[in-house]
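Engineer: Questions regarding the structure given below will be posed in turn.
In the UniProt record's numbering, the protein residues as written are 1 to 462.
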């Protein structure tokens, strides 16, 4: 097969994992190609702010393009090994912490230096919260967080793009069709029916590309292990209710095991004074949340997610999660919003009931409806128990006026059998980031890119 172009390294995906791989390799004498199915960063920003852009383009733009699904997130850099991925399965925690510190430094170098780090203070208050949470059967895990904000995060990604502009070839709005392996060696990729060859291939397709990635590695005969799928709701309430937590730590995780089913339930992505937003996963509309550095609402939002790992004979957790999300799309045309009181009473919310509520929704386009027609009973019961427990730590959280948006789904690709350097069984073929099932956030995805970039450079020096 004749190559249209030959590269030393091809990187699939321009999310944080792909970007940080490129940053490590830039100016090292290597010819690099990055391929991204979404838009370049400035085009993404323009689409996001264009009032005349097609709705389907606008919502898809939230998760695809330079910067990945995190480009328009609230830019939380989780400076801990406790959550954000599974890289500690591949390296000691001390080494991972070194990489996290390094990644934070790079974000600061490109524009994040002035943003505050939360979690270095209030040690006594943190211990008080941990005791209070334990009394409610909750595990409270604080984290050091550098909060960039959505606007600053987008500017940092723009700065990174400008830095790499003359150092790598970049193809936007372009999907890799197939990975080419011959005689158990990686050869390159197929793009628009044309062959691009490389010596090293780094696959960082993101959550949006996880299904494509699974299909490709199955064809290559690589072993996969199913990850859990997280399904739940985005919760919104007056910011004052959660200030007992958010004034102490900007970001924390609360973990609960339900009495009814012993399921693991967790809070995720807490956004003080933030906004609930719609997210497009390849045509499937789900819910998310973020906050800005310079723009505030009167509410705080966060996710409550129920983790479910399936056993034999089922091996398609992503398909299950998409099925649940699709039910919400069928019933509500997208995201459904319901007052907690209506949720508990077993009736749908109406526009009138939402309007009478004490919580003003920050996502007014959500359809008032009934989440019990979407979520399995098991998930509903778990969410109910979690809110009851949270109310003991933050009184008012279990108010009938609290809003639930559904559904929120976190898709984690099935995990490949990888080496400590994140290499597959095929030499020089690396798989990283959320789409490879090993990370779940900006920092660990970035750290995975650093790991692979450094490994490629190490091999080039030999």
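For glycine and all other residues, C-beta sits at the position ideal for the given N, C-alpha and C.
Strictly by DSSP, which residues pair up with residue 232?
Structural biologist: Residue 232 pairs with 305, 408.
Engineer: Kindly give me the distance between the Cβ atoms of residue 233 and residue 404, rounded to whole angstroms, as I take these residues to be in contact under 8 Å.
Structural biologist: Confirmed, Cβ separation roughly 4 Å.
Engineer: Measuring only the C-alpha atoms, how far is residue 43 from residue 215?
Structural biologist: Their Cα atoms are separated by approximately 29 Å.
Engineer: Grab the span of the beta strand (DSSP E) containing residue 6 for me, first residue to last.
Structural biologist: 5 to 12 is the span of the beta strand (DSSP E), which, as asked, contains residue 6.
Engineer: Just curious, the alpha helix (DSSP H) that residue 358 is in, first and last residue?
Structural biologist: First-last for residue 358: undefined, no H or E at that position.
Engineer: Taking its Cβ as the centre, do 16 or more other Cβ atoms sit within 10 Å of residue 4, making it buried, or is it exposed?
Structural biologist: Answer is exposed; the Cβ neighbour count stays below 16.
Engineer: Helix, strand or coil for residue 214, going by three-state DSSP, please let me know.
Structural biologist: In the structure shown, residue 214 sits in a helix (DSSP, three-state: H, G or I).
Engineer: Can the beta-carbon of residue 190 be found closer than 8 Å to that of residue 174?
Structural biologist: Contact flag unset, no.
Engineer: Going by beta-carbon coordinates alone, are residue 78 and residue 145 separated by less than 8 Å?
Structural biologist: Cβ atoms of residue 78 and residue 145: closer than 8 Å.
Engineer: I need the straight-line Cα distance from residue 68 to residue 17, nearest angstrom please.
Structural biologist: Each residue's alpha carbon lies about 9 Å from the other.
Engineer: On the CB-based measure, 16 or more other CB atoms within 10 Å of its CB, does residue 348 come out buried or exposed?
Structural biologist: Buried is the call here.
Engineer: Taking just the CA atoms, how far does residue 372 sit from residue 380?
Structural biologist: Going from the Cα of residue 380 to the Cα of residue 372 covers about 7 Å.
Engineer: So who's on the other strand from residue 140, going by DSSP bridges?
Structural biologist: In DSSP, residue 140 forms a bridge with 254.
Engineer: Near residue 225, what residues of its chain come up, given a Cβ to Cβ distance below 7 Å and the 5 sequence neighbours on each side ignored?
Structural biologist: Excluding sequence neighbours, residue 225 sits near 414, 415.
Engineer: At which residues does the alpha helix (DSSP H) containing residue 131 begin and terminate?
Structural biologist: Segment 123 to 135, the alpha helix (DSSP H) holding residue 131.
Engineer: Should residue 118 be labelled buried (16 or more other beta-carbon atoms within 10 Å of its own) or exposed?
Structural biologist: Residue 118 should be labelled buried.
Engineer: Could you have a look at residue 86 and say whether DSSP puts it in helix, strand or coil?
Structural biologist: Three-state result, residue 86: coil.
Engineer: Taking residue 421 as the reference, give the member of 454, 260, 253 with the closest Cα.
Structural biologist: If we check each option's Cα against that of residue 421, 454 comes out closest.
Engineer: Apart from the five residues on each side of it in sequence, which residues of its chain come closer than 6 Å, Cβ to Cβ, to residue 329?
Structural biologist: Correct list, in chain order: 285.
Engineer: Measure the alpha-carbon distance for residue 61 versus residue 181 and round it to whole angstroms.
Structural biologist: The straight-line gap from Cα to Cα measures roughly 31 Å.
Engineer: So, is residue 315 buried or exposed, given that buried needs 16 or more other C-beta atoms within 10 angstroms?
Structural biologist: With fewer than 16 other Cβ atoms within 10 Å, it is exposed.
Engineer: Bridge partners of residue 76, per DSSP?
Structural biologist: DSSP output for residue 76 lists 147 as bridge partner(s).
Engineer: If you reduce the DSSP assignment to three classes, tell me which class residue 316 lands in.
Structural biologist: Correct three-state label for residue 316: coil.
Engineer: Using the rule of at least 16 other Cβ atoms within 10 Å of the residue's Cβ for burial, across every protein chain shown, is residue 377 buried or exposed?
Structural biologist: Answer is exposed; the Cβ neighbour count stays below 16.
Engineer: Evaluate residue 147 with the Cβ neighbour count: other Cβ atoms within 10 Å of its Cβ, from every protein chain shown; 16 or more gives buried, anything less gives exposed.
Structural biologist: So residue 147 counts as buried.
Engineer: Leaving out the 5 sequence neighbours to the left and right, which residues in its chain are closer than 7 Å to residue 217 when beta-carbon positions are compared?
Structural biologist: Correct list, in chain order: 224, 416.
Engineer: Between the C-alpha atoms of residue 386 and residue 375, what's the straight-line distance to the nearest angstrom?
Structural biologist: Spanning the two alpha carbons is a distance of roughly 15 Å.
Engineer: With respect to the beta strand (DSSP E) encompassing residue 201, which residues constitute its N-terminal and C-terminal limits?
Structural biologist: Where residue 201 is concerned, the enclosing beta strand (DSSP E) stretches over 194 to 203.
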